[in-house]
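Here's the structure, in structure tokens; my notes come after.
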Amino acid sequence: MLIKSTNRSDSKESDVTDEKIYLNRREIVKNMGFLGAGTLLSTSAAASVFDLFGDDTPPALFKQTNLEFTPDKPFAEELTPEEKTITHNNFYEFGAQKHQPAELAQGFKVDPWQLKISGEVEKPFTLDYDDLYSSFDLEERIYRLRCVEAWSMVVPWIGFSLADLVKKAKPTSKAKYLAFETLYDPKQMPGQRNRRLGGGIDYPYLEGLRMDEAMNPLAIMSVGLYGKTLPPQNGAPIRLVVPWKYGFKSIKSVVGIKFVEKQPPTTWNILAANEYGFYANVNPDVDHPRWSQASERRITTGGIFAQNRIATLPFNGYGDQVAGLYKGMNLRKLY
Ligand SMILES: Nc1nc2c(c(=O)[nH]1)N[C@H]1C(S)=C(S)[C@@H](COP(=O)(O)O)O[C@H]1N2
Ligand SMILES: [Mo]
């Protein structure tokens with residue numbers, strides 16, 4: 001079924017793709033749904049599964065919802081329609097307005113990609129584009145995402161456990177935090193070229209987690225949503241998802257994860273320390289200096305201006321799993 005292309009002028013891949021990658025892709029094909037397989041059958045002489053779908057239609061990914069990590073509640077809640085999740089975004093590298101990433105990120109080239117794992121580890125390693133989909137067990141988890149701007153979504157993410165990546169790197173005893181970094185590529189990211197478009201942020205976008213937060217089983221590195229690879233505007237090809245924290249912690253298009261001893265600087269904290277802390281745990285009792293965080297507007301089929309305001313839950317509803325990480329900490333001061 002998978003036939004190497006012989007007639008593609010830009011077939012950088014077909015020449016170099018090794019057996020291992022073909023096998024991994026085979027795995028993905030095997031696990032694709034009926035629709036995906038049908039598309040595959042009708043197409044011949046493609047260099048790889050991914051190429052079959054063209055640039056704007058991401059391939060289907062194996063998807064099996066992990067019920068263990070998916071709380072009951074979201075099932076009772078409405079999934080945010082895919083169309084909304086991929087058109088209402090925060091990704092300042094592609095513009096500071098919600099509609100801009102979906103428009104300005106479409107040409108974003110994510111293959112080849114390199115995600116470097118470095119710092120205080122015994123086994124530093126780099127994941128290439130294909131490794132992102134094949135190095136760890138992928139599964140689907142339905143998580144809420146709660147933005148500081150008081151809107152929220154319920155999204156079926158596909159990803160792997162961040163703890164698995166940490167274990168593979170074998171952190172040293174000095175590793176106390178993880179420092180995440182987004183791609184810096186002003187040629188591709190207009191918000192990095194134009195300060196106004198990019199919301200006045202000094203790039204690259206930076207985020208961080210404490211080691212025990214990174215090891216919590218809820219934290220995932222996501223490579224897809226709604227059964228497909230991530231669209232550019234949602235952080236292709238790989239982004240963090242930490243569902244108990246405000247959305248800005250879930251850094252997109254990650255190229256570096258460095259294990260460090262000291263709490264690393266983070267983008268929104270640098271920009272406005274009085275508004276955005278390092279921890280950023282969802283907390284309805286601690287207001288943002290400019291607005292209340294007690295409720296949120298859940299984005300559903302009802303339309304962006306529908307009356308769907310709901311109470312915000314501590315830790316975004318994941319308190320049972322994560323509240324213990326913060327025992328003894330004053331979460332009003334350490335917001
Ligand atoms: N690199 C980068 N990552 C980012 C952002 C950003 O501007 N740049 N925005 C954050 C914010 S504020 C939110 S709410 C989420 C939005 O994710 P979504 O667009 O997939 O819903 O991404 C986060 N990750
Ligand atoms: Mo956000």
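If you're matching positions, the sequence shown starts at 1 in full-length UniProt numbering and goes up one per residue.
From the three backbone atoms N, C-alpha and C, an ideal C-beta is built for every residue, glycine too.
Only counting the same chain, and skipping five residues up and downstream in sequence, which positions put a Cβ closer than 6 angstroms to that of Gly277? What you label residue 277 is simply residue 277 of the sequence shown in a count that begins at 1. Result list for Gly277: Tyr335, in chain order.
Hey, Tyr298 and Asn283 are a contact pair by Cβ (cut 8 angstroms); roughly how many whole angstroms apart? Indexing the sequence shown from 1 puts residue 298 at position 298. Indexing the sequence shown from 1 puts residue 283 at position 283. With the sequence shown as reference, residue 298 is identified as Arg, and Tyr is not the correct amino acid for it. With 8 angstroms as the limit, Arg298 and Asn283 do not qualify as a contact, their Cβ atoms being about 18 angstroms apart.
Under the criterion of a Cβ to heavy atom distance below 6 angstroms, does Gly247 qualify as lining ligand 2? For this step, residue 247 is matched to residue 247 along the sequence shown. Yes.
N- and C-terminal bounds of the beta strand (DSSP E) containing Pro156: The residue labelled residue 156 in the question sits at position 156 within the sequence shown. Unbroken beta strand (DSSP E) run through Pro156: 151-161.
With DSSP as the reference, identify every bridge partner of Trp244, one or two as the case may be. Here residue 244 corresponds to residue number 244 of the sequence shown, with the count starting at 1. DSSP, once it has assigned bridges, lists no residue as partnering Trp244.
Residues that Thr126 bridges to, as DSSP identifies them: Numbered from 1 along the sequence shown, position 126 holds the residue referred to as residue 126. The partner list for Thr126 (beta bridge, DSSP) reads Lys116.
Can you tell me whether Ala272 is helix, strand or coil according to DSSP? Here residue 272 corresponds to residue number 272 of the sequence shown, with the count starting at 1. Of the three classes helix, strand and coil, the one that applies to Ala272 here is coil, per DSSP.
For ligand 2, any of its heavy atoms closer than 6 angstroms to the Cβ of residue 347? Look at the range of the chain in this structure, 1 to 335, and you will see that residue 347 is not part of it.
Find the nearest neighbour of Thr229 within the set Asp130, Lys167, Glu93, judged by alpha-carbon distance. Position 229 of the sequence shown holds residue 229. Ranking the options by Cα distance to Thr229, first place goes to Asp130.
Straight-line Cα distance separating Trp157 from Arg25: If you number the sequence shown from 1, residue 25 lands on position 25. If you number the sequence shown from 1, residue 157 lands on position 157. Per-residue confidence for Arg25 stands at a pLDDT of 36, beneath the threshold of 50, marking its modelled position as unreliable; the derived number appears in the next sentence. Straight-line spacing of the CA atoms in Arg25 and Trp157 works out to 20 angstroms.
Can you look up Thr85 in the DSSP assignment and give me helix, strand or coil? To locate residue 85, count along the sequence shown from 1; it is residue 85. Three-state DSSP puts Thr85 in a helix.
Can you tell me where the alpha helix (DSSP H) with Val322 in it begins and where it stops? The sequence position of residue 322 within the sequence shown is 322, counting from 1. DSSP places Val322 inside the alpha helix (DSSP H), whose first and last residues are 319-322.
Output the distance between the C-alpha atoms of Arg193 and Leu67, rounded to the nearest integer angstrom. Locating residue 193 in the sequence shown gives position 193, counting from the first residue. Locating residue 67 in the sequence shown gives position 67, counting from the first residue. Each residue's alpha carbon lies about 42 angstroms from the other.
Near ligand 2: Val242 beta-carbon under 6 angstroms from a heavy atom: Here residue 242 refers to the residue found at position 242 when the sequence shown is read from its first residue. No.
DSSP-derived helix/strand/coil call for Lys327: As a first step, residue 327 is located in the sequence shown; it is residue number 327 there, counting from the start. Here Lys327 sits in coil by DSSP.
Heavy atom of ligand 2 less than 6 angstroms from the Cβ of Val155, yes or no? In the sequence shown, residue 155 corresponds to position 155, counting from 1. Within the chosen limit of 6 angstroms, ligand 2 does not reach the beta carbon of Val155 with any heavy atom.
Hey, could you find the ends of the alpha helix (DSSP H) Arg193 is sitting in? Position 193 of the sequence shown, counted from the first residue, corresponds to residue 193. It spans 190-193 - the alpha helix (DSSP H) in which Arg193 sits, taken as one unbroken run.
Check whether Pro264 and Glu275 have beta carbons under 7 angstroms apart: What you label residue 264 is simply residue 264 of the sequence shown in a count that begins at 1. What you label residue 275 is simply residue 275 of the sequence shown in a count that begins at 1. At the C-beta level, Pro264 and Glu275 stay beyond 7 angstroms of one another.
Mind checking whether the beta-carbon of Val282 lies closer than 6 angstroms to any heavy atom of ligand 2? Here the question's residue 282 lines up with position 282 in the sequence shown. For ligand 2, not one heavy atom lies less than 6 angstroms from the Cβ of Val282.
My guess is that Ile117 and Ala169 are in contact by the Cβ rule of under 8 angstroms, so how many angstroms apart are they, rounded? In the sequence shown, the residue the question calls residue 117 occupies position 117. In the sequence shown, the residue the question calls residue 169 occupies position 169. Going by Cβ atoms, the distance from Ile117 to Ala169 rounds to 5 angstroms, so yes, they are a contact pair.
If you drop the 5 nearest sequence neighbours on each side, which residues of the same chain put their C-beta closer than 8 angstroms to that of Trp291? Working through the sequence shown from its first residue, we reach residue 291 at position 291. Closer than 8 angstroms at Cβ, skipping near neighbours: Ala150.
Note down, in chain order, each residue of its chain lying with its Cβ closer than 7 angstroms to the Cβ of Lys109, except the 5 sequence neighbours on either side. Position 109 of the sequence shown, counting from 1, holds the residue named residue 109. If you ignore the 5 residues before and after Lys109, its C-beta comes within less than 7 angstroms of the C-beta of Gln188, all in its own chain and listed in chain order.
How about Gly198 and Gly191: are their beta carbons less than 7 angstroms apart? Numbered from 1 along the sequence shown, position 198 holds the residue referred to as residue 198. Numbered from 1 along the sequence shown, position 191 holds the residue referred to as residue 191. The Cβ atoms of Gly198 and Gly191 lie closer than 7 angstroms to each other.
For Pro112, does the count of other Cβ atoms within 10 angstroms reach 16, so buried, or fall short, so exposed? In the sequence shown, the residue the question calls residue 112 occupies position 112. Exposed: under 16 other Cβ atoms inside 10 Å.
Regarding Asn234 and ligand 1, is the C-beta to nearest heavy atom distance less than 6 angstroms? Sequence index remark: in the sequence shown, residue 234 carries index 234 (1-based). For ligand 1, at least one heavy atom lies less than 6 angstroms from the Cβ of Asn234.
Determine the DSSP secondary structure at Lys258, reduced to helix, strand or coil. As a first step, residue 258 must be located in the sequence shown, where it is residue number 258. Residue state, collapsed to three classes: strand.
Contact belief for Ala60 with Ile86 at Cβ below 8 angstroms, rounded distance in angstroms: On the sequence shown, residue 60 is found 60 positions in, with the first residue counted as 1. On the sequence shown, residue 86 is found 86 positions in, with the first residue counted as 1. Not really, about 15 angstroms apart at Cβ, beyond 8 angstroms.
Check each candidate in Phe69, Val255, Ala273 and name the one with the smallest Cα separation from Val322. On the sequence shown, position 322 is the one that residue 322 refers to. Looking at the Cα atoms, Phe69 is the closest of the given residues.
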